[in-house]
Structures are given as structure tokens and as C-alpha cells.
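The structure appears right after this line, and notes come after that.
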Amino acid sequence: MNAENRIALLAAPGLLYLAALYALPLALLLTESLRDAEGALSLAAYVEFFADPFNRGVLWRTLRVAALTTLLALALAYPTALALSRARGWAQTAILVAMVLPLSVGVIVKAFAWSILFRANGAINGALMGLGVIDAPIRMLFTETALIIGAANVFLPFMVLPIYAVMRQLSPALPEAAATLGAGPFFRFFRVTLPLTLPGVIAGAAFTFSLSVSMYVIPSLIVGERQQTLSMLIARSFLFLRDEQLGATISAILLLIAIAVVLGSSWLAARVTGGRP
Amino acid sequence: MTRVDRMALGASWAVAALTVAFLMTPLVVTVAVSFADSPVYSLPPPGWSLRWYEAMQRRSGLADAVMLSLNLALVSTAISLIVGAAAAIAVARGRFPGREAIATFTVSPLMMPGLVVGVALLQFLREVGLRDAYWSLLLGHILITLPFVMRTLLAAMTQFDFSLIDAARTLGLSWPMAVVKVLAPNLAPAFLTAGLFAFLASMDNYPISIFLTDARNKTLPIKMLQYLEEQPDPSLAAMSTGLILLALIALIIGSRTVGLNRMIQG
């Protein structure tokens with residue numbers, strides 16, 4: 680065995696660990712969801728799941744919330760990453776601290792803080808009434824809008840950082856060269872800057888979407904039981920209803936969504952970079 | 005720079021300022037509530053007090069939960085750093101097929117739903133007969149920390165000039181010694197960053213842990229959510245303010261030793 684092959688062996692412990700305690704359990708869960716009570720191969724559990732309009736509503740809400748969270752995060756993250764790539768000194772420090780400090784605080788604390796803000800007697804209602812925008816408190820806690828704002832707040836750094844990583848390596852000479860060649864500002868953005876930063880956008884969006892589609896703590900603190908998501912259905916069926924068959928089916932559906940996001944985003948990233956690493 | 009360019013840059017500065025305020029909002033709320041002299045979370049509070057910091061100390065089971073979470077986070081991060089560094093060297097230095105797939109696979113748990121990973125692991129461990137909560141939690145927390153370590157170390161190792169190792173070996177060091185004496189000091193910032201984020205992810209994890217705990221082994225996030233359901237007074241905000249302070253100290257140490265910019269780039 681030569682030195683090159685011996686180096687490959689270094690990957691063995693980590694790979695074996697993940698294969699045994701991550702890939703294998705997930706594969707077993709997937710096959711479990713494809714079996715009926717007698718153990719024969721069947722799609723009955725899925726048919727039953729999709730036959731119920733309540734379940735279809737939960738699936739649709741989960742996907743919609745994840746998509747809107749991703750869009751809101753992207754709308755804030757792209758300009759922020761652009762400003763961060765130009766920032767120097769204290770402005771750079773301020774943005775970087777705002778990215779990293781909340782990352783280290785924990786999702787329960789942040790979701791709970793948002794639930795305080797969204798209360799009927801909370802600060803947002805108070806401020807809106809003080810400004811005369813509304814006359815009476817409006818219901819914000821337990822709404823989908825509150826959930827999207829809270830989720831975007833928690834996941835925003837995961838959207839900014841990949842875009843910033845790409846933007847930082849983008850030479851300012853490129854848009855300048857395009858300008859010298861007579862390209863207008865819109866042409867420069869849409870044909871030079873945006874395509875070159877697209878890999879960061881894809882990475883950030885894929886990560887944010889997969890985090891928001893499977894979030895559990897944030898919806899349980901901000902919308903509670905009133906508006907279920909797939910994750911909350913999973914927790915409910917395993918921890919409260921003890922209905923393992925239903926839990927396994929919903930888990931498999933959520934898992935397939937996550938795998939689709941991983942594969943779809945790497946396919947997109949490969950297309951965008953045209954095979955470049 | 006044209007007028008449109010300046011306007012675009014100005015707009016992105018405005019959004020960046022909004023983003024900073026948006027990101028800091030929950031932290032400011034938590035700190036404000038923790039010093040409030042009111043049990044009902046009114047903002048701004050009617051008066052200030054330290055009563056919730058005293059109440060926090062009377063919470064039962066809190067110290068146990070903190071110790072268990074610290075234990076799991078430290079042990080799982082240490083194991084992941086060793087196993088992950090070996091795997092990252094193999095992917096960055098090796099010339100065997102499938103390295104791209106290995107990189108994707110080892111980072112992929114980051115994007116998988118935590119509850120599903122937790123359920124699958126629970127059912128698997130029941131199947132093989134492991135019922136001890138601490139060991140189940142530790143195995144689960146390595147699944148949380150390993151992909152964080154892999155993501156950061158893979159990025160750093162692909163930038164590392166491995167001819168330095170060859171040079172050290174020419175000068176008489178063995179492979180393991182060359183890794184310890186040349187690679188580790190060079191990549192110390194990456195190891196520190198990887199360890200920090202893995203540690204924080206483990207401390208914060210709820211969805212995987214919830215399936216692996218029992219009545220005696222509850223991690224801090226599980227205990228916190230339980231308090232929120234049973235007795236939601238601002239003593240939790242006091243506890244969270246303590247966590248924010250810890251994070252701030254870690255951040256200051258990190259920025260002094262590694263630099264903020266390198267920290268987030270890994």
C-alpha cells in the first residue's frame with residue numbers, strides 16, 4: 680500500500696461513524712415508512728397522509744413559511760454582504776459582531792425574545808400605537824408573519840456569511856472593467872456582479888431553506904399549537920401521540936425535502952459555476 | 005462611480021444598518037427584560053431590579069443541566085476535532101476518487117432536519133440495545149459537532165500548502181509529528197473557529213437531544229424550554245443574559261486571537 684492510499688484511511692473513522700449512526704438510521708427510517716403493518720412494501724402510509732386535508736395544509740404551510748423566510752433573509756442579506764465587503768474599521772466590526780454574537784446566543788433565547796415583542800401588550804404594538812399607526816393592539820403573536828420575521832432573524836447570519844465569502848473574493852476591478860467598456864450600472868450588476876456572487880446566494884439560500892423547513896423551537900414558541908408545521912407534527916406524533924408509523928411517515932417526507940434541497944442546490948451550483956470549483 | 009452606483013451603495017448601507025439593528029433586537033430585549041422589576045415582560049419596564057438574578061439561582065435542576073450540556077459539548081467537540089481533522093487531511097491531501105462525495109456527505113448533517121436525525125438515531129440505538137441516556141446523547145452530539153468541524157477544516161485544509169509537511173519529513177520528522185508540529189500551528193485559527201462553532205451548536209441543540217434524554221439527563225435547552233412552559237418568569241431572561249455575556253467574552257477572545265473576519269470565514 681503506497682502513501683496516497685494510506686492517507687485515504689484517515690477518513691475512515693469519521694466516515695464509518697457517520698455511515699453507522701447517521702446514514703444507516705436514516706435509511707432504516709425511510710424503509711420503515713415504506714412498509715405496512717405486515718412488513719410488505721407499500722405506499723399506504725403516504726396515501727393516508729396525503730388523503731387528509733389537514734396534513735396537506737401543514738405541508739403547504741411548512742414549505743410556504745420556509746420559502747418566505749428564505750426570501751426575507753435574502754432581501755436583507757445581499758445588500759448587507761455588499762456593504763460588509765466594502766466596510767472598513769468600526770463599521771466592519773459592527774456588522775461582523777452583529778453576525779456572530781446572535782449566532783452564539785441560542786435559538787430558544789431569541790425565539791422567546793420575539794414572542795415577548797409580538798405580544799398584544801408588547802413593545803411593537805406599543806410603538807405602533809404611540810406613533811398613531813394603529814388605534815388598538817393588533818394580533819401578532821401566533822401569526823405566520825411573526826413566525827417568518829422570527830425565523831429570518833435567527834437564520835439571517837447563515838445567509839449573509841456565504842454571500843460575503845464570495846463577494847469578498849470578487850475583484851472590484853471586474854465591474855470597473857465592465858464600466859470602462861461602456862456597461863451601465865444595471866448591466867454591470869446583472870451581468871457581472873450578480874452572476875459571480877450567485878454561488879454564495881445558492882449556498883446561503885439552500886442552507887436557510889433547509890433550516891427553516893425543519894425548524895421546531897421557533898414555531899413552538901412563536902405560533903404554538905395553532906399553526907402546526909411538519910416538525911411539530913413529528914414531535915407530536917412521537918412524543919405525545921406515540922404514533923410511530925405516522926411520525927416515521929412525516930419524518931420521511933421532511934427528510935426527502937431536505938435531500939432534495941441538498942441535491943438541487945449542488946446541481947444548481949455546478950451549473951452556475953460551469954464546472955469551476 | 006456614477007450617481008446610480010452611489011445610490012445603490014447608499015441603499016445597501018441603509019439595509020446593512022437595518023440588519024444590524026434587526027439582529028441585535030432579541031438580545032437587547034432579553035437583557036432589558038432580565039433587569040425589569042415586573043413578572044409580565046412589559047417593555048419598557050416600570051422599574052429596574054436584580055430580583056430575577058436571585059430567582060434564577062433558586063431554579064431547581066439548572067446547575068445539573070448546565071453541567072451536562074458543558075460536558076456533552078466539550079467531549080463531542082474534542083472527538084469531532086480529532087476525527088474531523090483526520091478526515092479533512094484525507095480529503096485535502098489524498099488523490100483517491102470520491103473525495104468530493106465524502107466532503108458533501110460529511111457536511112450534509114448540517115442540512116438534515118434535526119428531529120428526524122434524532123428519531124432515526126433513537127430507533128437505531130433501541131434496536132442495537134443502547135439505553136443509557138448519556139451515551140446516546142454523546143453519540144448524537146458528535147453528529148451535531150462533526151459536520152461543523154468538517155466544514156471549517158475542509159475549507160482551511162484545501163488552502164494549506166502540504167509541501168510544508170513534505171519539507172518537514174525531508175528534515176526527518178515522521179508523518180504524525182509533521183502534522184502536530186507543522187500543520188496544527190498553521191491551522192490553529194481554523195481549529196479554534198471549528199471548535200467554537202461546534203461547541204455552540206452542541207450547547208444550543210434541542211431537536212436531536214429531545215429524543216435521547218431521560219428524566220435524569222436533561223440538557224440546558226431542554227430544561228429551558230421546560231421552564232418556559234411551566235413557569236415563564238423573567239429569571240429565564242436573567243439566565244440568557246448570562247449566556248449572552250459568556251458569548252461576548254468568547255467573541256472578544258476570538259477576535260483578539262483569530263480576528264473576527266477569519267473567525268467567520270473559518
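Which chain is which? The protein sequence lines are D and U, in order. For the first sequence, the residue numbers in my numbering are 680 to 956. For the second sequence, the residue numbers in my numbering are 5 to 270. By construction, the Cβ of each residue, glycine as well, lies at the ideal position given by its N, Cα and C atoms.
Segment limits, alpha helix (DSSP H) that includes residue i
| i | result |
| --- | --- |
| residue 819/D | No alpha helix (DSSP H) holds residue 819/D; DSSP gives it neither H nor E. |
| residue 728/D | 723-730 |
| residue 243/U | 239-261 |
| residue 56/U | 55-62 |
| residue 968/D | Residue 968/D is absent from the structure shown; chain D starts at 680 and stops at 956. |
| residue 17/U | 7-38 |
| residue 789/D | 786-797 |
| residue 846/D | 823-848 |
| residue 104/U | 103-111 |
| residue 911/D | 909-914 |
| residue 227/U | 224-234 |
| residue 68/U | 66-97 |
| residue 918/D | Run containing residue 918/D: none; DSSP gives neither H nor E here. |
| residue 696/D | 691-697 |
| residue 209/U | Neither: residue 209/U is in no alpha helix (DSSP H) and is coded neither H nor E. |
| residue 892/D | 873-892 |
| residue 808/D | 802-809 |
| residue 866/D | 864-867 |
| residue 853/D | 852-859 |
| residue 900/D | 896-901 |
C-beta neighbour in chain C for residue i, strict 8 Å
| i | result |
| --- | --- |
| residue 739/D | Any reference to chain C falls outside this structure, whose protein chains are D and U. |
Per-residue burial, residue i [other beta carbons within 10 Å of its own, 16 or more giving buried]
| i | result |
| --- | --- |
| residue 894/D | buried |
| residue 956/D | Note that residue 956/D scores 45 on pLDDT, short of 50, meaning its location in the model is unreliable; the coordinates nonetheless yield the value given after this. That one is exposed. |
| residue 168/U | exposed |
| residue 726/D | exposed |
| residue 907/D | buried |
| residue 270/U | Interpretation of residue 270/U is limited by its pLDDT of 47, a score under 50 that renders its predicted location unreliable; no figure is taken from the coordinates. |
| residue 888/D | buried |
| residue 867/D | buried |
| residue 255/U | buried |
| residue 734/D | buried |
| residue 163/U | exposed |
| residue 174/U | exposed |
| residue 832/D | buried |
| residue 885/D | buried |
| residue 205/U | buried |
| residue 950/D | exposed |
| residue 865/D | exposed |
| residue 715/D | exposed |
| residue 178/U | exposed |
| residue 56/U | buried |
| residue 32/U | exposed |
(message) Does the region 791-811 of chain D come into contact with the region 895-903 of chain D, if we say contact requires no fewer than three beta-carbon pairs (one atom in each stretch) closer than 8 Å?
(response) yes
(message) Check whether the region 776-788 of chain D and the region 866-877 of chain D are in contact - that is, three or more C-beta pairs closer than 8 Å.
(response) no
(request) Kindly provide the ranges of any alpha helix (DSSP H) runs that are 4 or more residues long and lie completely inside the region 162-206 of chain U, ordered along the chain. (result) 167-174 and 179-182
(message) With a threshold of 8 Å, are at least 3 pairs of Cβ atoms found where one atom belongs to the region 58-66 of chain U and the other to the region 132-144 of chain U?
(response) no
(message) Residues of the region 762-774 of chain D in Cβ contact with chain U at a cutoff of 9 Å, in chain order, please.
(response) 762, 763, 765, 766, 770, 771, 772, 773 and 774
(request) Decide if the region 185-201 of chain U is in contact with the region 29-47 of chain U; the criterion is three or more beta carbon pairs, one per stretch, under 8 Å apart. (result) no
(request) Pull out every residue of the region 103-122 of chain U whose Cβ sits closer than 8 Å to any Cβ of chain D, in chain order. (result) 106, 108, 109, 110, 112, 113, 114, 115, 116, 117, 118, 119, 120 and 121
(request) With 7 Å as the limit, tell me which residues of the region 852-866 of chain D have their beta carbon closer than that to any beta carbon of chain U; keep them in chain order. (result) 864
(message) Closer than 8 Å between beta carbons: that is the criterion. Which residues of the region 164-181 of chain U meet it against chain D?
(response) none
(request) Could I get the ranges of all uninterrupted alpha helix (DSSP H) runs contained in the region 710-769 of chain D, with 4 residues as the minimum, in chain order? (result) 723-730 and 732-765
(message) Output needed in chain order: residues of the region 125-150 of chain U with a Cβ under 9 Å from some Cβ in chain D.
(response) 125, 126, 127, 128, 129, 131, 143, 144, 146, 147 and 150
(message) Contact between the region 153-172 of chain U and the region 208-221 of chain U is defined here as three or more beta-carbon pairs at a separation below 8 Å; is this criterion met?
(response) no
(request) Mind checking the region 795-810 of chain D against chain U and listing, in chain order, the residues whose C-beta falls within less than 8 Å of any C-beta there? (result) 795, 796, 798, 800, 801, 802 and 805
(request) Pick out the complete alpha helix (DSSP H) segments inside the region 117-147 of chain U, 4 residues or longer, and give them in chain order. (result) 118-132
(request) Name, going along the chain, the residues of the region 687-702 of chain D whose beta-carbon falls closer than 7 Å to a beta-carbon of chain U. (result) 687, 689, 690, 692, 693, 694, 696, 697, 700 and 701
(message) Contact between the region 120-130 of chain U and the region 702-716 of chain D is defined here as three or more beta-carbon pairs at a separation below 8 Å; is this criterion met?
(response) yes
(request) Would you be able to state if there are at least three C-beta pairs under 8 Å between the region 738-758 of chain D and the region 830-845 of chain D? (result) yes
(message) Pairs of beta-carbons, one from the region 96-113 of chain U and one from the region 189-200 of chain U, closer than 8 Å: are there three or more?
(response) no
(request) May I ask you to verify whether the region 821-832 of chain D touches the region 847-858 of chain D, counting CB pairs closer than 8 Å and requiring at least 3? (result) no
(request) Residues of the region 825-840 of chain D with a CB closer than 8 Å to any CB of chain U: list them in chain order, please. (result) 832, 835, 836, 839 and 840
(message) Does the region 737-753 of chain D come into contact with the region 9-22 of chain U, if we say contact requires no fewer than three beta-carbon pairs (one atom in each stretch) closer than 8 Å?
(response) no
(message) If the cut-off is 8 Å on Cβ atoms, which residues from the region 79-99 of chain U count as contacting chain D, listed in chain order?
(response) 87, 88, 90, 91, 93, 94, 95, 97, 98 and 99
(request) Scan the region 906-919 of chain D for residues whose Cβ lies nearer than 7 Å to a Cβ of chain U and list them as they occur along the chain. (result) 910, 913, 914 and 917
(message) For the region 865-888 of chain D, list every residue whose C-beta sits within 8 Å of some C-beta in chain U, in sequence order.
(response) 865, 868, 885 and 886
(request) State whether the region 83-94 of chain U contacts the region 144-163 of chain U, with contact taken as three or more CB pairs (one from each stretch) at a distance under 8 Å. (result) yes
(message) Between the region 15-25 of chain U and the region 228-236 of chain U, can you find at least three pairs of beta-carbon atoms closer than 8 Å?
(response) no
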